[in-house]
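Student: Got a structure here, written out as structure tokens. Questions coming.
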Amino acid sequence: MDGYGFSGILPELRHRNLHHSDVVLDGTNYIAWRLTIKRILDGIRVLHHVDGTGTAPTAPSIPDTIPSTEASVLLTVFEQQFEKWAADDSTAKMIICQTVTLDIRTQIADLSTALEMWDYLERRYCGSSEAQLYTLYQSFSSLQQGENTVDQFYSRYCALWRQIDALTPPYCATHAAQILTCSESCSRRSSHDGTRRMYEFIMRLRLEFEQTRAQLLHAPSVYSLDDAFTFVRAEKIRLRASITGGGNALAVPRLSSVSSSSSTRPPAFSVSSRPSSTRPKRTVICHCCGMFGHLKREC
Numbered sequence: 001m002d003g004y005g006f007s008g009i010l011p012e013l014r015h016r017n018l019h020h021s022d023v024v025l026d027g028t029n030y031i032a033w034r035l036t037i038k039r040i041l042d043g044i045r046v047l048h049h050v051d052g053t054g055t056a057p058t059a060p061s062i063p064d065t066i067p068s069t070e071a072s073v074l075l076t077v078f079e080q081q082f083e084k085w086a087a088d089d090s091t092a093k094m095i096i097c098q099t100v101t102l103d104i105r106t107q108i109a110d111l112s113t114a115l116e117m118w119d120y121l122e123r124r125y126c127g128s129s130e131a132q133l134y135t136l137y138q139s140f141s142s143l144q145q146g147e148n149t150v151d152q153f154y155s156r157y158c159a160l161w162r163q164i165d166a167l168t169p170p171y172c173a174t175h176a177a178q179i180l181t182c183s184e185s186c187s188r189r190s191s192h193d194g195t196r197r198m199y200e201f202i203m204r205l206r207l208e209f210e211q212t213r214a215q216l217l218h219a220p221s222v223y224s225l226d227d228a229f230t231f232v233r234a235e236k237i238r239l240r241a242s243i244t245g246g247g248n249a250l251a252v253p254r255l256s257s258v259s260s261s262s263s264t265r266p267p268a269f270s271v272s273s274r275p276s277s278t279r280p281k282r283t284v285i286c287h288c289c290g291m292f293g294h295l296k297r298e299c
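Under full-length UniProt numbering, the first residue of the sequence shown is numbered 1, with each subsequent residue one higher.
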């Protein structure tokens, strides 16, 4: 099948997914809307219609000396290319129009290309990036888990950082081009910022995760943000199971109730309801490294 054989099929397939965005631009959520719509446009391969990386095909310049058959072929190819471009641009315009409020839609409905719509919305609602960043950092400064679940809080936390990243210049041209290899200093800075985001995440959790925070901070290697979330979430599930499952779940003693001077201190994790004095070593788990057979003080 030639490169233009999908021109009549793609629009029909794309229309099935046009209503899946739950973000509608209302004038106050431009950054979140832009991130979402760029993912949608990229998913159906029309992002180049709004990010300035693509241009409409131009009619070929056919000299008088060229045979008529060759000229006809060139014109046919151009018409096919332009038809596909126009169809893709119409798809991009439709997605934009369907993800904005009616008041905003009336402002852009008469614009001829998706790029014109995109540029208009950016000029009108993005405003000063510094003011946007200030607002985002202001929201971030007061962000706490509160009554949210770990999953809900993690989603809110990452959503704020994504919006901040969208307004933040890249570390270098390599980052901007999304190339894997980068300079050593740039990679170190990126790694440092990733660690800082992990710290910011765990320090905003509720007090019940104090012991989990200590485990993450004293781990042999630094956790990434995603790995820290996975660890915290697993710990929350384990704590819930210990409450509802009784002796079948791993029990963690409160740090305040553990005497550091006691020679019979219970292990950090116990997997049995039997007294620790009769517990075989294979059921003892170290609170530091997570391995069986020894206690934290012996690690």
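Even glycine gets a Cβ: it sits at the ideal position worked out from N, Cα and C.
From a predicted model like this one, the values you see are computed outputs, not experimental measurements.
Can you list, in chain order, the residues of its chain with a C-beta nearer than 6 Å to that of C97? Leave out the 5 residues immediately preceding and following it.
Tutor: Along the sequence shown, read from residue 1 onward, the residue named residue 97 stands at position 97. Answer for C97: R105, listed in chain order.
Student: Can you list, in chain order, the residues of its chain whose CB lies under 7 Å from that of L255, leaving out five sequence neighbours each side?
Tutor: As a position in the sequence shown, residue 255 is number 255, starting the count at 1. Legend: pLDDT at L255 = 39, less than 50; position of this residue unreliable, value from coordinates given subsequently. Q211.
Student: How should H49 be labelled, buried or exposed, when 16 other C-beta atoms within 10 angstroms of its C-beta is the threshold for buried?
Tutor: Within the sequence shown, the letter at position 49 stands for residue 49. Buried.
Student: Is it a yes or a no for the stretch 163–172 touching the stretch 221–241, going by three-plus beta-carbon pairs under 8 Å?
Tutor: These segments do not touch.
Student: What are the uninterrupted segments assigned as alpha helix (DSSP H) that are 4 or more residues long and contained completely in the stretch 106–162, given in chain order?
Tutor: With a minimum length of 4 residues, the continuous alpha helix (DSSP H) runs that stay inside the stretch 106–162 are 114–125 and 129–141.
Student: Determine the DSSP secondary structure at L25, reduced to helix, strand or coil.
Tutor: Sequence index remark: in the sequence shown, residue 25 carries index 25 (1-based). Three-state result, L25: strand.
Student: For the stretch 84–95 against the stretch 65–74, do three or more pairs of beta-carbon atoms, one drawn from each stretch, fall closer than 8 Å, so that the two count as touching?
Tutor: No contact exists between the stretch 84–95 and the stretch 65–74.
Student: Rounded to whole angstroms, how far is the Cβ of Q163 from the Cβ of A32, which I believe are closer than 8 Å?
Tutor: As a position in the sequence shown, residue 163 is number 163, starting the count at 1. As a position in the sequence shown, residue 32 is number 32, starting the count at 1. Contact flag correct, Cβ pair sits at about 6 Å.
Student: Counting pairs of Cβ atoms below 8 Å between the stretch 114–122 and the stretch 132–144, do you hit three or more?
Tutor: At 8 Å Cβ cutoff, the stretches do not touch.
Student: Apply the 10 Å Cβ neighbour rule to E298 and answer buried if 16 or more other Cβ atoms are within range, or exposed otherwise.
Tutor: As a position in the sequence shown, residue 298 is number 298, starting the count at 1. Flag for E298 reads exposed.
Student: What do you reckon, are the CB atoms on A92 and L41 nearer than 7 Å?
Tutor: What you label residue 92 is simply residue 92 of the sequence shown in a count that begins at 1. What you label residue 41 is simply residue 41 of the sequence shown in a count that begins at 1. Cβ distance < 7 Å, so A92 and L41 count as in contact.
Student: Could you check the C-alpha separation between residue 321 and Q81 for me, to the nearest Å?
Tutor: The question about residue 321 has no answer, for the chain in this structure spans 1 to 299.
Student: Count the other CB atoms within 10 Å of the CB of T36; is the residue buried (16 or more) or exposed (fewer)?
Tutor: What you label residue 36 is simply residue 36 of the sequence shown in a count that begins at 1. By the 10 Å Cβ count, T36 comes out buried.
Student: Nearest CA to the CA of V46: which residue from T113, T58 and T69?
Tutor: As a first step, residue 46 must be located in the sequence shown, where it is residue number 46. Cα-wise, what sits closest to V46 is T113.
Student: Is the beta carbon of L216 closer than 7 Å to that of F201?
Tutor: The residue you call residue 201 lines up with position 201 of the sequence shown. The residue you call residue 216 lines up with position 216 of the sequence shown. Result no, Cβ atoms of F201 and L216 do not sit closer than 7 Å.
Student: If you run the structure through DSSP and keep just helix, strand and coil, what is V100?
Tutor: Locating residue 100 in the sequence shown gives position 100, where the first residue counts as 1. Correct three-state label for V100: strand.
Student: Could you give the DSSP three-state label for V73: helix, strand or coil?
Tutor: Counted from its first residue, the sequence shown places residue 73 at position 73. It is helical.
Student: Please look up how many angstroms separate the CB atoms of F229 and Y134, rounded, as I've assumed it's under 8 Å.
Tutor: Taking the first residue of the sequence shown as position 1, residue 229 is located at position 229. Taking the first residue of the sequence shown as position 1, residue 134 is located at position 134. Contact flag wrong, Cβ pair sits at about 27 Å.
Student: At the level of alpha carbons, what is the spacing between S61 and L75?
Tutor: As a first step, residue 61 must be located in the sequence shown, where it is residue number 61. As a first step, residue 75 must be located in the sequence shown, where it is residue number 75. Cα-Cα distance, rounded: 10 Å.
Student: Measure the C-alpha to C-alpha separation of V222 and F78 and round it to an integer number of angstroms.
Tutor: Locating residue 222 in the sequence shown gives position 222, where the first residue counts as 1. Locating residue 78 in the sequence shown gives position 78, where the first residue counts as 1. If you take the alpha carbons of V222 and F78, they lie about 55 Å apart.
Student: Report the rounded CA-to-CA distance for R189 versus V150, giving the unit in angstroms.
Tutor: Residue mapping note: residue 189 aligns to position 189 of the sequence shown, counting from 1. Residue mapping note: residue 150 aligns to position 150 of the sequence shown, counting from 1. Roughly 28 Å separates the two Cα atoms.
Student: Since T101 and D26 should fall inside the 8 Å C-beta cutoff, what is the C-beta to C-beta distance between them, to a whole number of angstroms?
Tutor: Position 101 of the sequence shown, counted from the start, is the residue given in the question as residue 101. Position 26 of the sequence shown, counted from the start, is the residue given in the question as residue 26. Correct: roughly 5 Å between the Cβ atoms.
Student: Thinking Y30 and C158 are a contact (beta carbons under 8 Å), I'd like their distance in whole angstroms, please.
Tutor: Here residue 30 refers to the residue found at position 30 when the sequence shown is read from its first residue. Here residue 158 refers to the residue found at position 158 when the sequence shown is read from its first residue. No, Y30 and C158 are not in contact; Cβ-Cβ is about 18 Å, not under 8 Å.
Student: Who are the near neighbours of G194 in its chain, counting only those whose CB is closer than 7 Å to its CB and skipping five residues on each side?
Tutor: For this step, residue 194 is matched to residue 194 along the sequence shown. For G194, where only same-chain residues beyond five positions count, the Cβ hits under 7 Å are S224 and L225.
Student: Using DSSP with H/G/I as helix, E/B as strand and the rest coil, what is T168?
Tutor: The residue given as residue 168 occupies position 168 in the sequence shown. Of the three classes helix, strand and coil, the one that applies to T168 here is coil, per DSSP.
Student: Among M198, R204, S242 and A131, which has the Cα closest to the Cα of residue 301?
Tutor: For residue 301 there is no data in the structure shown, the boundaries of the chain being 1 and 299.
Student: Let me check understanding here. Comparing Cα to Cα, which of M94, A56 and T28 lies closest to I44?
Tutor: Here residue 44 refers to the residue found at position 44 of the sequence shown. If we check each option's Cα against that of I44, M94 comes out closest.
Student: Please report how far the alpha carbon of T55 lies from the alpha carbon of D103, in whole angstroms.
Tutor: Here residue 55 refers to the residue found at position 55 of the sequence shown. Here residue 103 refers to the residue found at position 103 of the sequence shown. Near 29 Å, if we compare the C-alpha coordinates of D103 and T55.
Student: With burial defined as no fewer than 16 other Cβ atoms inside 10 Å of the residue's Cβ, what is the status of R39: buried or exposed?
Tutor: Sequence index remark: in the sequence shown, residue 39 carries index 39 (1-based). With fewer than 16 Cβ atoms within 10 Å of its Cβ, R39 is classed as exposed.
Student: My output table needs one value for A241: the three-state DSSP class, helix, strand or coil.
Tutor: The count along the sequence shown starts at 1 and reaches residue 241 at position 241. Three-state DSSP puts A241 in a helix.
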